[in-house]
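If you're matching positions, the sequence shown starts at 66 in our numbering and goes up one per residue. Report on one structure; see the data block that follows.
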Amino acid sequence: MRAVVLSLALGALAAGMTMAAARPLPFEGDHLQSDPMLLDAMESALGKVRLDREHDVPYLAGYSVDGRTIYIHRELPRSFAGSRGRVESDRFLALHEIVEKALENLPGLAYQHAHQIALRAERAAVEAAGVDWREYDAFMQKWIAQAASKTDRVPKDLDLQPYRDEHDTELLKKLTPVQQPGVPAAVSELGWLAGRWVGRWNGMDVEESWLPAMGGGLVGTFRAIEGGKPAFYELCALEPEGASVTLRIRHFGDGLVAWEEKERPLAFRLVSLRPGIARFEDSSDPPERLTYRRLGRRAIEIVLEKTADGKPRRTVFRFARP
């Protein structure tokens, strides 16, 4: 089982993190089933993030919106007495959060599924280190009960998506007032959207076009044509906001009548940015998500995820250069 978990964990890390140049594998020939290789992979992953122990973190551990910081509850002991000696636990807990965050960035993957894979990776690493999983889990469960409800010093950039997906509304009420800036980024990092993109969606011809960056922002349009007539239009703007970027959208129908109120365009903050992938969320609970993904040099995909009538809905738009 450890071989499968290791493959899943490393695949998630490769998809969700910008990795430094790979170093030679220290354990040639047995890298799919080697406990030393698994522990080496864990240490390599830990070297890509910053570990923070200065805050209160619901459920003991979490991650920043940009995935660069792993937060562990400031009151959680760094080790516990196991039957085989003292166990340093931070590295296993941090590995769980790294894998979970990498998987959370995949459009359409439920948090519960990401959590399951991350938990298996955590357990595999614990057992590879010769630690009894039952002792480790009992230690964690004890501290979840003791410390997880404290929210006096929650990180301002803590990713709230796990709590939204778990529908922990009471906890979200406590956390939301101190949340949450978008991920640090510049509009220029989204310049790959510029140009004209065309496709088909729901029986309609659709087109999205973005002008080159000017004045610090990007401006785009979208139109849907049904039966040779316009069905609706969109005006979009990617604008700097603080150290991050906000996507604002207005819809228009016949006669350019706006769907949204005059001073209330739809607003989505940037919550994740990797090469060729940008994800935005609005402030609703649960939030609506828009993910822009570059598919090679001549295609893009836009995924809208929302909840309607209590059920998750996912709409995919695919475009190519004409």
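Don't be surprised by glycine CBs; every beta carbon is placed ideally from N, CA and C. Computed from a prediction, not measured in an experiment: that's the story for all the values here.
Less than 7 Å divides the Cβ of Val252 from the Cβ of Gly282. Annotated three-state conformation of Tyr124 is coil, per DSSP. Remark: C-beta atoms of Arg315 and Ala323 approach each other more closely than 7 Å. Here Trp198 is exposed: its Cβ has fewer than 16 other Cβ atoms, across all protein chains shown, within 10 Å.
Listed in chain order, the non-local C-beta contacts of Gly132 below 6 Å within the same chain comprise Lys166, local neighbours out to five positions each way being set aside.
Residue pairing of Phe145 in beta bridges, as defined by DSSP: Val152. Using a Cβ distance threshold of 7 Å, Glu153 and Arg139 do not count as a contacting pair. With respect to Ile182, Ala110 sits apart: the two C-beta atoms are not nearer than 7 Å. Sorting Ala250, Phe382, Trp266, Gly268 by C-alpha distance to the C-alpha of Leu335 places Ala250 at the top. For Gly285, the number of other beta carbons within 10 angstroms of its own is at least 16, and it is reported as buried. At a cut-off of 4 residues, the continuous stretches assigned as alpha helix (DSSP H) that sit fully inside the stretch 189-218 are 198-212. Separation of the CB atoms of Asp222 and Ser129 is rounded to 5 Å, and the pair is thereby assigned contact status at 8 Å. With 16 or more other CB atoms across the displayed protein chains lying within 10 angstroms of its CB, Arg354 is buried. Its Cα nearest to that of Pro351, the residue Ala175 stands out among Ala175, Arg143, Leu312, Arg386. About 5 Å separates the CB atoms of Phe157 and Glu187; that is less than 8 Å, so the two are in contact.
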